[in-house]
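First the structure, in the form of structure tokens, and then the observations on it.
What follows is the structure, given as structure tokens:
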């Protein structure tokens, strides 16, 4: 059953323009240079590709000549020997980190060397990705307010390059917070960064600029139907939330412990206020000029126990005012609308519902609703209510499920339209099993990704576990999506793991090798998550601890506490 969206889309807001960085070789503090970038964004225009290349070449030459003049080096740096995953050798990564730290202490020569080496590594990884599978290797990144400290973003992006990534998916809206400056936040959500000294700093714009300087393609990662616990706490927003047939909204279900989702409040996708609030946020994010936008939590809540299966109309999140009204409008005549109303109210039909509806509309034949086209029957020739009830009730159940699913699909299309209008790529993140039929019911998430628009790329979270050395179930989840999507280039799997570690789940190396063997036609693979690769560094960033030089090879030999994520926590990282 397919319904139309009836949405024409809106123009996205004006983009923020980022001015180019100073010439390489300058010893000005990093945060000052980045400040120059984002404070000038609305007045400057993007450089053409040719100008960028020429400026970069001139900058590298200027920096190299300055170093040669001081007798520091006598020849260009030797190319790093990247491995088949395009990762920078540890010795080169350590040298770059040492130069970065020395430059941060005011050593102009070290700063010049660092910037030249950073650009060299970025170009080498980019070249490697053109010759190695996959063409694009991405990592999911959560930023913290502490990343605004001097040098933090440099270190984060350097580590991303070191690990062979040429794309980064930056969390821009999640858990009811948005990564916009406190003093320039047009949305209904609070800013991630609340410290008064950083009220004008634009962490998202700065991260995007830093990524682009290293040939890393940045994409903004947004929660979608999950508007966050803080949103649902506002009294004026309670009517915006999804509501089930028991009269409980998604926040109340979370508070009662029936949901495996933390810090969540899922909205009614048919609600116009929800759509407007979300579009305003999307347009603000797009103004920071990411290369694309990824839409996550494109679904209803994942419930636990018996509630994880929706097998009754009252299990569906279609009882909010907007969703109910939209469902009633799917009625095709008076009888159809009345039976929809009664079915929603009681959860099933009884014979008298049909008899009374016949009496209310004596001139109508069969009840009609969207996608129901029965043969024409005169009112006097209709079968008895008892004979008609089972079939009508089954059809109403299917209509209600289709209505719930269509709400998710429509909201995604509405949310992604500004991204498409801006000429950016759009992607939807989903569980391959989120569209399952289970006996007479459905997975409570109703995440029917097979109905998502074809112009939105597919990012299946292939997190299945079938042993710490077994990748077969992971591959099967990816192949399930490939069997539906005709264009393999639009299928971009998300896998979870750690480089060099196979405790609890296969290592990233094992998963990547298995994917390449099973689906070499795939061009993009992403890894959950950056924070998993070095849990200690993630804690330092989260709590503003002093950065330390950590050897990547030693980290890969041991499993950190971050790897002890439960299956539930991993799934809800969606």
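In full-length UniProt numbering, the protein residues as written are 1 to 574.
Backbone N, C-alpha and C fix where the C-beta goes; we use that ideal spot for every residue, glycine too.
Any idea if residue 577 is buried or exposed, counting beta-carbon neighbours within 10 angstroms, 16 or more meaning buried?
No answer is possible for residue 577: it lies beyond the span of the chain, which begins at 1 and ends at 574.
Reducing DSSP to helix, strand and coil, say where residue 171 ends up.
If DSSP states are grouped into helix, strand and coil, residue 171 belongs with the strands.
So what's residue 177 in DSSP terms, helix, strand or just coil?
The answer is strand: DSSP assigns residue 177 an E or B state.
Consult DSSP for residue 441 and reduce its assignment to one of helix, strand or coil.
Reduced to three states, the DSSP call for residue 441 is strand.
How many angstroms separate the CA atom of residue 457 from the CA atom of residue 524?
One C-alpha to the other measures close to 11 Å.
My understanding is that residue 607 touches residue 266, with C-beta atoms under 8 Å, so please give their C-beta distance in whole angstroms.
The requested residue 607 is not part of the displayed model; the chain covers only 1 to 574.
Mark residue 211 as exposed unless 16 or more other C-beta atoms lie within 10 angstroms of its C-beta, in which case mark it buried.
Classification for residue 211: buried.
Hey, would you say residue 475 sits closer than 8 Å to residue 505, going by beta carbons?
Result no, Cβ atoms of residue 475 and residue 505 do not sit closer than 8 Å.
Just checking, does the region 344-353 make contact with the region 382-395 on the three C-beta pairs under 8 Å criterion?
A contact exists between the region 344-353 and the region 382-395.
Could you name each continuous alpha helix (DSSP H) segment of 4 residues or more that falls completely within the region 376-456, going from the start of the chain to the end?
The qualifying runs are 385-421.
Using a Cβ-Cβ cutoff of less than 6 Å, which residues in the same chain neighbour residue 227 once the five nearest sequence positions on both sides are dropped?
265 and 267, listed in sequence order.
Check whether the Cβ of residue 295 lies closer than 8 Å to any Cβ atom in chain C.
Although the question refers to chain C, the structure presented lacks it and comprises just one protein chain.
Would you say residue 500 and residue 527 are within 8 Å of each other, going by their C-beta atoms?
No, these two residues do not count as a Cβ contact at 8 Å.
Would DSSP call residue 581 helix, strand or coil?
Residue coverage of the chain in this structure runs from 1 to 574, which leaves residue 581 outside it and unanswerable.
Who does residue 528 pair with in a DSSP beta bridge?
BP columns for residue 528 point to 496.
Are the beta-carbon atoms of residue 316 and residue 400 separated by less than 8 Å?
A contact, by the Cβ cut-off of 8 Å.
Does the region 166-180 come within contact of the region 278-285, defined as at least 3 CB pairs closer than 8 Å?
Judged by Cβ distances under 8 Å, the region 166-180 makes contact with the region 278-285, as three or more pairs qualify.
DSSP puts residue 136 in a beta bridge; with which residues?
According to DSSP, which records beta bridges pairwise, residue 136 is partnered with 524.
Taking residue 386 as the reference, which of 374, 178, 353 and 402 has the closest Cα?
It is 353 whose Cα lies nearest to the Cα of residue 386.
Enumerate, from N- to C-terminal direction, the unbroken beta strand (DSSP E) stretches of 3 or more residues contained entirely within the UniProt domain "Glycosyl hydrolase-like 10" (149-308).
Counting only runs of 3 or more, we get 167-174, 217-223 and 292-296.
Would you report the Cα separation of residue 168 and residue 216, rounded to the nearest angstrom?
So the alpha carbons of these two residues sit roughly 7 Å apart.
Check residue 52 in the structure and name its three-state DSSP category.
Confidence is the limiting factor: at residue 52 the pLDDT is only 35, short of 50, which leaves the residue's position unreliable, though a coordinate-based value still follows. DSSP places residue 52 in helix when its eight states are reduced to three.
What residues in its chain sit with their C-beta under 8 Å from that of residue 419, if we drop five residues either side in the sequence?
Hits under 8 Å: 12, 282, 286, 292, 293, 425 and 426.
Where residue 471 and residue 480 are concerned, what is the direct C-alpha to C-alpha distance, given to the nearest angstrom?
Taking the straight line joining both Cα atoms gives about 14 Å.
Tell me whether residue 194, by its Cβ, gets closer than 7 Å to a heavy atom of the ligand FMN.
Ligands are entirely absent from the displayed structure, and the ligand FMN is therefore not among its contents.
For residue 501, which residues does DSSP report across the bridge?
Bridge partners of residue 501: 498.
Count the C-beta pairs between the region 355-374 and the region 334-347 that are closer than 8 Å, then say yes if the count reaches three, no if not.
Yes: at least three Cβ pairs fall under 8 Å.
If you follow the alpha helix (DSSP H) that residue 330 is part of, which residue opens it and which one closes it?
Element bounds for residue 330: n/a, residue is neither H nor E.
So the candidates are 298, 394, 542 and 157; which of them puts its Cα closest to the Cα of residue 452?
Per the Cα distances, 298.
Taking the alpha-carbon positions, what's the residue 250 to residue 403 distance?
Those two C-alpha atoms are separated by around 18 Å.
Report the CB separation of residue 85 from residue 103 in whole angstroms; it is logged as a contact under 8 Å.
Incorrect: roughly 28 Å between the Cβ atoms, too far for contact.
Excluding the 5 residues preceding and the 5 following residue 440 in the sequence, name in chain order all residues of the same chain whose CB lies nearer than 8 Å to its CB.
Correct list, in chain order: 311.
In angstroms, rounded to a whole number, what distance separates the CA positions of residue 529 and residue 140?
Rounded to the nearest angstrom, the two C-alpha atoms are 5 Å apart.
According to the neighbour-count rule (16 or more other Cβ atoms, all chains shown, within 10 Å of its Cβ), is residue 272 buried or exposed?
By the 10 Å Cβ count, residue 272 comes out exposed.
For residue 429 and residue 296, I'd like the C-alpha separation in whole angstroms.
About 5 Å.
Let me confirm a value: residue 339 is counted as buried when at least 16 other C-beta atoms fall within 10 Å, else exposed. Which label applies?
Burial call: buried.
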